[in-house]
Amino acid sequence: MHASVIIFYILSAFILGAALLAVTARKIFRSAIFLLFTLIGTAALFFWMGVEFVAAVQIIIYVGGIVVLIIFSIFLTQKSGEEMPKPLRNRSLFSVLALLFGFAFTYHLIYKYRFEQPAPHVFNVKVSDIGTQMLSTTEHGFVLPFEVVSILLLASMIGCIVIAMKIKPMEGNEI
Amino acid sequence: MNEISITQILFVSTALFFIGMYGLFTRRNMITMLMAIEIILNSVNINFVAFNKYLYPGKLDGVFFTIFIITIAAAEAAMAIAIIINLYRSHHSIDVEDAEEMKY
Numbered sequence: 000m001h002a003s004v005i006i007f008y009i010l011s012a013f014i015l016g017a018a019l020l021a022v023t024a025r026k027i028f029r030s031a032i033f034l035l036f037t038l039i040g041t042a043a044l045f046f047w048m049g050v051e052f053v054a055a056v057q058i059i060i061y062v063g064g065i066v067v068l069i070i071f072s073i074f075l076t077q078k079s080g081e082e083m084p085k086p087l088r089n090r091s092l093f094s095v096l097a098l099l100f101g102f103a104f105t106y107h108l109i110y111k112y113r114f115e116q117p118a119p120h121v122f123n124v125k126v127s128d129i130g131t132q133m134l135s136t137t138e139h140g141f142v143l144p145f146e147v148v149s150i151l152l153l154a155s156m157i158g159c160i161v162i163a164m165k166i167k168p169m170e171g172n173e174i
Numbered sequence: 000m001n002e003i004s005i006t007q008i009l010f011v012s013t014a015l016f017f018i019g020m021y022g023l024f025t026r027r028n029m030i031t032m033l034m035a036i037e038i039i040l041n042s043v044n045i046n047f048v049a050f051n052k053y054l055y056p057g058k059l060d061g062v063f064f065t066i067f068i069i070t071i072a073a074a075e076a077a078m079a080i081a082i083i084i085n086l087y088r089s090h091h092s093i094d095v096e097d098a099e100e101m102k103y
């Protein structure tokens, strides 16, 4: 066996195990930590596939941003030492059945499908290529989605502030 | 030469997607449901990069889609947490069963 094959199996077992624990752990803080491990495992899988830039972005934004945000909100809203109530038995039973069926169906489709082998071409992602294509205005450029996403980020930032702001009761003639 | 085929990577991402769906179905706490959504988005990211690497190695489109999905996931998580904290302020609970008056 090739070393990269073994690494792939270890990584995928790590990702799936951590994800399973993240959705089944009874303590919410542990669940967040297992989510962190899932995201790090995914970043490692990106490294394994040779897209270092995406892996770095994944670590910076997911691990450094979103998980920290989730942990903060857990501390703000929950008693993190307490166990969450167990899911109803019927609900978990039927969701497991439905998801097993869905998984079997989807994987059957994937397994039967013959993917075309492309012409051999080295998959080499250079950051300079990503930057050039991201901001190019020619036919295959991504400058319009880039601008749209930046507007979306601005809008969501303002929206967060507006939603989470405490509204003071109106007093007399101010405003 | 790589011996892992695209089918095996798709197995991992499919399993990750359905694990996330399981979390979304069984959990009733809003923060844990948000975590399940993050897992689902991650499986989609794996899919995009795998398709780009194995089927169209000369292009970069999958990488761009992944980057945009990560950005939108960040915006979505920030939005969701703002809503959750506001809901906690008014209901003192972030269980979805306790928030059912939002329906009306």
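If you read the sequences in order, they're chains A and B. With numbering that gives the first Met the number 0 applied, the first sequence closes on residue 174, and no number is skipped along the way. With numbering that gives the first Met the number 0 applied, the second sequence closes on residue 103, and no number is skipped along the way. Yeah, the Cβ is synthetic: ideal placement off N, Cα and C, and Gly gets one too.
From the DSSP secondary-structure annotation, give me the bridge partner or partners of residue i.
i: Asp94/B; result: Asn28/B
i: Phe82/A; result: First, the residue type needs correcting, since residue 82/A is Glu and not Phe in the sequence shown. DSSP lists Lys26/A as partners of Glu82/A.
Near residue i, what residues of its chain come up, given a Cβ to Cβ distance below 6 Å and the 5 sequence neighbours on each side ignored?
i: Leu44/A; result: Leu10
i: Asn46/B; result: Ser12
i: Gly158/A; result: none
i: Phe64/B; result: Phe47
i: Gly22/B; result: Ala35
i: Leu35/A; result: Val66
i: Val142/A; result: Leu134, Thr136
i: Met0/A; result: none
Return the chain-ordered list of same chain residues with a C-beta closer than 7 Å to the C-beta of residue i, the five sequence neighbours on each side being excluded.
i: Ala54/A; result: Ala42, Phe45, Phe46
i: Leu20/A; result: Phe33
i: Asp94/B; result: Arg27, Asn28
i: Val40/B; result: According to the sequence shown, residue 40/B is Leu rather than Val. Same-chain partners within the cutoff: Ile68, Ala72.
i: Glu2/B; result: none
i: Gly40/A; result: Leu10, Phe13, Ile14, Ala17
i: Met0/B; result: Model confidence at Met0/B stands at a pLDDT of 47, short of 50, so the residue's coordinates are unreliable; what they give is reported in the following sentence. Hits under 7 Å: none found.
Pull up the CB-CB distance for residue i and residue j, whole angstroms please, since I reckon it's below 8 Å.
i: Ala35/B; j: Val22/A; result: 6 Å
i: Ile38/B; j: Leu15/B; result: 6 Å
i: Ile27/A; j: Ile59/A; result: 24 Å between Cβ atoms; not a contact.
i: Leu38/A; j: Val4/A; result: Not really, about 23 Å apart at Cβ, beyond 8 Å.
i: Leu15/A; j: Met20/B; result: Actually they do not touch by this definition, with Cβ atoms about 14 Å apart.
i: Ile80/B; j: Leu68/A; result: 6 Å
i: Leu54/B; j: Val124/A; result: Contact flag wrong, Cβ pair sits at about 15 Å.
i: Ala49/B; j: Ile5/B; result: 6 Å
i: Val199/A; j: Ile69/B; result: The shown model of chain A, from 0 to 174, leaves out residue 199/A, and the question about it has no answer.
i: Ala73/B; j: Gly64/A; result: 6 Å
i: Asn51/B; j: Val43/B; result: No, Asn51/B and Val43/B are not in contact; Cβ-Cβ is about 13 Å, not under 8 Å.
i: Trp155/A; j: Ala77/B; result: According to the sequence as given, residue 155/A is Ser; it is not Trp. That belief holds up - the Cβ atoms of Ser155/A and Ala77/B are roughly 6 Å apart, short of 8 Å.
i: Arg90/A; j: Thr25/B; result: 6 Å
i: Val56/A; j: Pro56/B; result: In fact, because the Cβ distance is near 20 Å, the residues do not count as touching under 8 Å.
i: Ile162/A; j: Asn85/B; result: 5 Å
i: Ala183/A; j: Ile70/A; result: Any property of residue 183/A remains undetermined from this structure, which presents chain A solely from 0 to 174.
i: Tyr106/A; j: Phe10/B; result: 6 Å
i: Thr76/A; j: Ile83/B; result: 7 Å
I want to verify the contact list: residues of chain E whose CB lies under 7 Å from the CB of residue i, in sequence order.
i: Met20/B; result: Absent here is chain E; the protein component of the structure consists of chains A and B.
Please work out which residues of its chain come closer than 8 Å, Cβ to Cβ, to residue i, disregarding the five sequence neighbours upstream and downstream, and give them in chain order.
i: Met83/A; result: Arg25, Lys26, Ile27
i: Val62/A; result: Leu35, Leu38, Ile39, Ala42
i: Tyr87/B; result: Ile93
i: Glu96/B; result: Arg27
For this session: Just list the alpha helix (DSSP H) runs in the stretch 6 to 54 of chain B, keeping only unbroken ones of 4 residues or longer that don't cross its boundaries, in chain order.
Result: 29 to 54
For this session: Check distances from the C-beta atoms of the stretch 86 to 109 of chain A to those of chain B and list, in chain order, the residues that come in under 9 Å.
Result: Pro86, Leu87, Arg90, Ser91, Phe93, Ser94, Val95, Ala97, Leu98, Leu99, Gly101, Phe102, Thr105, Tyr106, Ile109
For this session: Determine which residues of the stretch 36 to 67 of chain A have a Cβ less than 8 Å from any Cβ of chain B, and write them out in chain order.
Result: Thr37, Leu38, Thr41, Leu44, Phe45, Met48, Gly49, Val50, Phe52, Val53, Val56, Gln57, Ile60, Tyr61, Gly64, Ile65
Problem set entry | Interface residues of the stretch 24 to 47 of chain B facing chain A [CB-CB below 8 Å] | Taking 8 Å as the Cβ-Cβ cut-off against chain A, the residues of the stretch 24 to 47 of chain B that qualify are Phe24, Thr25, Arg26, Arg27, Asn28, Ile30, Thr31, Leu33, Met34, Ala35, Glu37, Ile38, Asn41, Asn44, Ile45.
Problem set entry | Selection of the stretch 149 to 160 of chain A by Cβ proximity to chain B, strictly under 7 Å | Leu151, Leu152, Ser155, Gly158, Cys159
Problem set entry | Runs of alpha helix (DSSP H) lying entirely within the stretch 20 to 72 of chain A, each at least 4 residues, in chain order | 27 to 48, 51 to 57
Exercise. Got a sec: which bits of the stretch 73 to 99 of chain B sit with their beta carbon under 7 Å from any beta carbon on chain A, in order along the chain?
Worked result: Ala73, Ala74, Ala76, Ala77, Met78, Ile80, Ala81, Ile82, Ile83, Ile84, Asn85, Tyr87, Ile93
Problem set entry | Members of the stretch 9 to 24 of chain A near chain B, C-beta cut-off 7 Å | Ser11, Ile14, Leu15, Ala18, Leu19, Ala21, Val22
Problem set entry | Residues of the stretch 114 to 125 of chain A with Cβ closer than 9 Å to any Cβ of chain B, in chain order | Phe114, Glu115, Gln116, Pro117, Ala118, Pro119, His120, Val121, Phe122, Asn123, Val124
Problem set entry | Every unbroken alpha helix (DSSP H) within the stretch 86 to 136 of chain A, with a cutoff of 4 residues, ordered by chain | 88 to 111, 126 to 133
Exercise. At a Cβ cut of 9 Å, what residues of the stretch 0 to 13 of chain B count as close to chain A, listed as they run along the chain?
Worked result: Within the stretch 0 to 13 of chain B, those residues whose Cβ lies closer than 9 Å to any Cβ of chain A are, in chain order, Met0, Asn1, Glu2, Ile3, Ser4, Ile5, Thr6, Gln7, Ile8, Leu9, Phe10, Val11, Thr13.
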